[in-house]
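Participant: The sequence shown begins at 1 in full-length UniProt numbering and counts up one residue at a time. A virtual CB, placed ideally from N, CA and C, is assigned to each residue, including glycine. Since the model is a prediction, treat every value here as computed from it, not as a measurement.
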Amino acid sequence: MDRRRKTLPVIKTDADIERMVEEHNLILPGANGQSPVSPSSSRTTSTRTASSTNQLSQSPPDDSSLVRPSPSKPVRPKETTASLLLPPAVPGRWIRLAEEEKPVFQRHSVGLTEIPGVVRTLKPPTYNPERQLETRLVIIMVGLPARGKSYIVKKLRRYLNWLQYETKVFNVGNTRRTQKASPSDQSAKFFDPDNNEMKKIRDDIAMDVLEHLIEWLKKGKQSRVAIHDATNSTISRRQLLIERLSNEPKIKILLLESICTDQTVLERNFRLKLLGPDYKNIDPVQALEDFRSRVANYERAYEPLGDWEEERDLEYCKLINVGKKVVAYNISGYLSGQCVFYLMNFNLSDRQIFVTRHGQSTDNLDDRIGGDASLTPLGRRFGKALERFISQQRKSFAMSMARRKQEQLEDAYGFDKLDLLDPSHDGEAREELLNKTAEALSSSQFTVWTSMLKRSMETAASFSPEDYDIKHIRYLNEINSGGRECMTYEEIQRLYPQEFKARQENKLYYRYPGMGGESYIDVIHRLQPLIIELERMTQSCLIITHRVVLRIILGYLLDWSREEMPHMLVPIHTVYEYRPKPYGSELKKWRYVEEKDTFEEF
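#1: Tell me which residue opens and which closes the alpha helix (DSSP H) that Pro529 is part of.
#2: Tell me the DSSP bridge mates of Cys541?
#3: Per DSSP, which one or two residues make a beta bridge with Pro580?
#4: Asn330: which of Lys252, Arg474, Pro582, Asn347 sits nearest, CA to CA?
#5: What are the boundary residues of the alpha helix (DSSP H) that includes Lys471?
#6: Does DSSP put Asp372 in a helix, in a strand, or in coil?
#7: Looking only at its own chain, which residues have a Cβ that is under 8 Å from the Cβ of Pro145, when we skip the five neighbours before and after it?
#8: Between the Cα of Ser400 and the Cα atoms of Glu518, Glu439, Leu156, which residue gives the shortest distance?
#9: Using 9 Å as the threshold, is the C-beta distance between Ser258 and Leu335 below it?
#10: Would the region 392 to 399 and the region 488 to 497 be scored as touching if the rule is three or more Cβ pairs under 8 Å?
#11: Using C-beta distances below 6 Å, list every residue in its chain close to Thr459, excluding the 5 sequence neighbours before and after it, in chain order.
#12: In whole angstroms, what is the alpha-carbon distance linking Phe599 and Ile227?
#13: My output table needs one value for Lys189: the three-state DSSP class, helix, strand or coil.
#14: Taking just the CA atoms, how far does Val209 sit from Lys169?
#15: Which residues does DSSP pair with Ile227 in a beta bridge?
#16: For the putative contact between Ser233 and Glu303, defined by C-beta atoms under 8 Å, what is the C-beta separation to the nearest angstrom?
#17: What do you reckon, are the CB atoms on Gly117 and Ile369 nearer than 9 Å?
#18: Use the C-beta contact count for His573: other C-beta atoms within 10 angstroms, 16 or more gives buried, fewer gives exposed.
#19: List, from N- to C-terminal side, the beta strand (DSSP E) runs of 3 residues or more that fit wholly inside the region 234 to 289.
#20: Per DSSP, what kind of secondary structure is Val570 in: helix, strand or coil?
#21: May I ask you to list the residues that DSSP assigns as paired with Arg591?
#22: Return the CA-CA distance between Ser150 and Met568, expressed in angstroms with no decimal places.
#23: Excluding the 5 residues preceding and the 5 following Leu288 in the sequence, name in chain order all residues of the same chain whose CB lies nearer than 8 Å to its CB.
#24: Any heavy atom of the ligand HEM closer than 8 Å to the beta-carbon of Pro580?
#25: Give me whichever residues DSSP pairs with Glu315 in a beta bridge.
#26: For Ala301, list the residues DSSP reports as bridge partners.
#27: What does DSSP give as the partner residues of Tyr556 in its beta bridges?
#28: Classify Gln539: buried if its beta carbon has 16 or more other beta carbons within 10 angstroms, exposed otherwise.
#29: Return the first residue and the last residue of the alpha helix (DSSP H) that Lys199 is part of.
#30: Evaluate Gln352 with the Cβ neighbour count: other Cβ atoms within 10 Å of its Cβ, from every protein chain shown; 16 or more gives buried, anything less gives exposed.
#31: Exposed or buried, Glu586, counting other C-beta atoms within 10 Å across all chains shown (16 or more means buried)?
#32: Just how far apart, CA to CA, sit Leu534 and Asp278?
#33: Check the DSSP bridge columns for Ser361 and list the partner residues they point to.
#34: What is the DSSP secondary structure of Val548, reduced to helix, strand or coil?
#35: What is the DSSP secondary structure of Tyr159, counted as helix, strand or coil?
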């Protein structure tokens with residue numbers, strides 16, 4: 001009894017298939033101009049693909065015109081690529097390959113996409129450069145005005161650019177404003193869905209922006225993402241965009257809708273729109289009334305994502321109230337999945353994010369890279385001063401939040417400030433109430449992250465686990481210098497001049513040689529889970545890390561370009577405070593003053 005293990009056939013290269021066919025004296029259907037069906041046969045040939053599981057499992061019809069091995073050379077099919085072409089029911093028969101099948105292209109058009117610096121597709125010798133293997137993703141925004149689309153677009157563009165995907169936003173509103181000279185053209189009448197003339201103008205502008213978008217996508221050699229930023233709130237508009245994009249090869253489409261049902265947020269968004277270019281130098285009361293009319297016009301014709309897109313198997317994601325609820329349909333691409341995962345994790349909570357390098361280490365004195373050195377006495381003093389500084393900032397932030405909450409109550413209910421207290425209207429009582437609120441806020445969780453290197457953990461030694469949630473995270477370790485650990489740049493330049501030159505020419509992609517050596521790109525992808533966690537968490541945070549890691553984190557938070565990020569100066573004993581806002585961010589920088597043993601803003 002044959003107990004040998006049966007294995008599935010392995011698909012190899014096109015050359016292997018040709019060599020196998022020649023060895024068995026076989027002719028593939030349609031090869032060399034020969035037809036698999038005899039001229040006398042009146043039956044219409046039906047094409048079958050070898051990749052279809054159902055077809056392989058069925059017995060083919062008794063057709064003598066199908067090519068068989070020569071009777072003079074009886075051959076038992078081997079477990080090679082040939083066995084995929086033979087139906088199991090009738091050995092020796094071949095299933096015809098579809099004439100339009102393009103094996104090389106198909107093998108490279110599925111699976112993991114190109115990831116800059118991490119995944120690269122090996123192109124075969126027969127590769128046709130006209131067939132782009134790199135990913136081209138178009139994100140079509142959908143939603144009513146003042147629903148946070150621009151906020152989402154800016155964050156998504158920043159994140160994808162940080163991952164080294166070239167990403168650009170094409171805003172239809174900006175193009176509309178440049179093409180229309182008269183201020184009256186921006187009034188609510190322009191957006192009346194019953195005005196066919198104005199509707200055609202709006203559609204033409206949207207399509208014109210789409211043409212610029214497609215042109216930009218075609219120019220890039222690497223994977224690119226283009227975002228069509230407009231309301232696109234009707235099926236007819238989305239159909240125009242999708243039909244045009246379907247004519248372009250190798251472009252994936254993701255529809256992204258932003259929905260907001262929070263009336264407080266909507267009212268705030270409406271008022272912020274008055275600061276935009278559409279209502280510049282216009283009376284605020286008149287501008288607000290006009291914008292409400294514009295929104296009402298959009299609502300009359302609004303058609304959310306749903307059945308129409310699902311019938312066409314389109315990828316879409318609906319983001320409701322900035323991530324509180326997410327509906328995703330048919331998300332299949334790598335980049336689309338990355339976008340949806342990111343959007344599921346950010347929030348609008350007010351919080352502080354402090355980032356800094358560790359205190360001065362013994363290796364800093366000698367300008368040595370890498371290693372696991374301890375702090376100097378100055379570095380330890382910095383760590384103690386850092387704990388005092390964060391404690392003060394934590395209390396100050398809590399007080400500002402308490403005042404804001406009180407103001408929101410006054411605005412929401414029309415209370416006078418003194419009405420919130422007892423009838424005596426005692427100013428001390430009001431201050432006491434604020435202090436209690438601030439104390440409750442300051443006692444909320446505050447996270448401290450450090451790397452697992454000694455100099456980072458020692459900097460956080462003064463922080464008490466009773467007051468702070470302290471975590472040591474390997475992701476935050478400094479870039480691994482491989483075989484150049486604990487060397488100075490002068491030593492590398494003297495001993496390895498070619499490596500030193502290569503790093504200077506392409507600092508972003510240069511990878512240190514030796515065991516575990518990393519590049520900036522490697523560290524970016526190592527930090528990706530932490531960036532997602534930063535967006536997800538609602539509590540304030542202090543990150544104590546290292547030079548390269550700090551550059552990369554600040555590169556994300558401050559939207560630095562890929563060219564400038566590896567070269568930005570981030571000196572030790574400097575603290576960066578980043579506060580995310582619903583419509584932007586706020587940055588403060590603090591420098592440790594050794595003589596005063598305190599921090600000063602600069």
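Facilitator: Let me spell this out:
#1: Counted from its first residue, the sequence shown places residue 529 at position 529. Per DSSP, Pro529 belongs to the alpha helix (DSSP H) from 520 to 536.
#2: For the purposes of this step, residue 541 is taken as residue 541 along the sequence shown, with counting starting at 1. For Cys541, which the question treats as bridged, DSSP gives the partners Ile353, Thr447.
#3: Translated into positions along the sequence shown, residue 580 becomes position 580. Note: Pro580 sits in a beta bridge opposite Ser585.
#4: The residue labelled residue 330 in the question sits at position 330 within the sequence shown. Among Lys252, Arg474, Pro582, Asn347, the Cα nearest to that of Asn330 is on Lys252.
#5: The residue you call residue 471 lines up with position 471 of the sequence shown. Not the alpha helix (DSSP H): Lys471 falls in the beta strand (DSSP E), residues 469 to 472.
#6: Numbered from 1 along the sequence shown, position 372 holds the residue referred to as residue 372. Of the three classes helix, strand and coil, the one that applies to Asp372 here is coil, per DSSP.
#7: In the sequence shown, counting from the first residue as 1, residue 145 sits at position 145. Thr231, Lys273, Phe291, Arg294, Val295, Tyr298, listed in sequence order.
#8: Mapped onto the sequence shown, residue 400 falls at position 400. Residue Glu439 is the option with its Cα nearest to Ser400.
#9: Here the question's residue 258 lines up with position 258 in the sequence shown. Here the question's residue 335 lines up with position 335 in the sequence shown. Not closer than 9 Å, so no.
#10: no
#11: Taking the first residue of the sequence shown as 1, we reach residue 459 at position 459. Excluding residues within five positions, the ones whose Cβ falls inside 6 Å are His358, Gly359, Gly383, Ile544.
#12: Residue numbering aside, residue 599 sits at position 599 when the sequence shown is read from its first letter. Residue numbering aside, residue 227 sits at position 227 when the sequence shown is read from its first letter. Rounded to the nearest angstrom, the two C-alpha atoms are 42 Å apart.
#13: Here the question's residue 189 lines up with position 189 in the sequence shown. Residue state, collapsed to three classes: helix.
#14: Start at 1 with the first residue of the sequence shown, and residue 169 comes out as number 169. Start at 1 with the first residue of the sequence shown, and residue 209 comes out as number 209. In the sequence under discussion, the amino acid at residue 169 is Val, which differs from the Lys named in the question. Rounded to whole angstroms, Val169 to Val209 spans 10 Å at the Cα level.
#15: What you label residue 227 is simply residue 227 of the sequence shown in a count that begins at 1. DSSP, once it has assigned bridges, lists Ile139, Val169 as partnering Ile227.
#16: By 1-based counting over the sequence shown, the position of residue 233 is 233. By 1-based counting over the sequence shown, the position of residue 303 is 303. So it is a contact: roughly 7 Å between Cβ atoms.
#17: Indexing the sequence shown from 1 puts residue 117 at position 117. Indexing the sequence shown from 1 puts residue 369 at position 369. No, these two residues do not count as a Cβ contact at 9 Å.
#18: Translated into the one-based positions of the sequence shown, residue 573 becomes position 573. His573 should be labelled buried.
#19: 252 to 259
#20: As a working note, residue 570 is residue 570 in the sequence shown. Three-state result, Val570: coil.
#21: Translated into the one-based positions of the sequence shown, residue 591 becomes position 591. BP columns for Arg591 point to Thr574, Glu600.
#22: For the purposes of this step, residue 150 is identified with residue 150 of the sequence shown, where counting begins at 1. For the purposes of this step, residue 568 is identified with residue 568 of the sequence shown, where counting begins at 1. Rounded to whole angstroms, Ser150 to Met568 spans 28 Å at the Cα level.
#23: Taking the first residue of the sequence shown as position 1, residue 288 is located at position 288. Cβ neighbours of Leu288 beyond the five flanking positions: Phe270, Arg271, Leu274.
#24: The ligand content of the structure shown is nil, which means the ligand HEM is not present either.
#25: Sequence index remark: in the sequence shown, residue 315 carries index 315 (1-based). Answer by DSSP bridge pairing, in chain order: Leu254.
#26: Against the sequence shown, residue 301 aligns to sequence position 301. According to DSSP, Ala301 bridges with nothing at all.
#27: Position 556 of the sequence shown holds residue 556. Answer is none; Tyr556 lacks a bridge partner.
#28: Here the question's residue 539 lines up with position 539 in the sequence shown. By the 10 Å Cβ count, Gln539 comes out exposed.
#29: Walking along the sequence shown from the start, residue 199 turns up at place 199. Run containing Lys199: 196 to 219, per the alpha helix (DSSP H) assignment.
#30: In the sequence shown, the residue the question calls residue 352 occupies position 352. So Gln352 ends up on the buried side.
#31: If you number the sequence shown from 1, residue 586 lands on position 586. Exposed, by the Cβ-count rule.
#32: Here residue 534 is taken as the residue at index 534 of the sequence shown, counted from 1. Here residue 278 is taken as the residue at index 278 of the sequence shown, counted from 1. So the alpha carbons of these two residues sit roughly 34 Å apart.
#33: Counted from its first residue, the sequence shown places residue 361 at position 361. Answer by DSSP bridge pairing, in chain order: Leu375.
#34: Within the sequence shown, numbered from 1, the residue matching residue 548 stands at position 548. Correct three-state label for Val548: helix.
#35: Locating residue 159 in the sequence shown gives position 159, where the first residue counts as 1. If DSSP states are grouped into helix, strand and coil, Tyr159 belongs with the helices.
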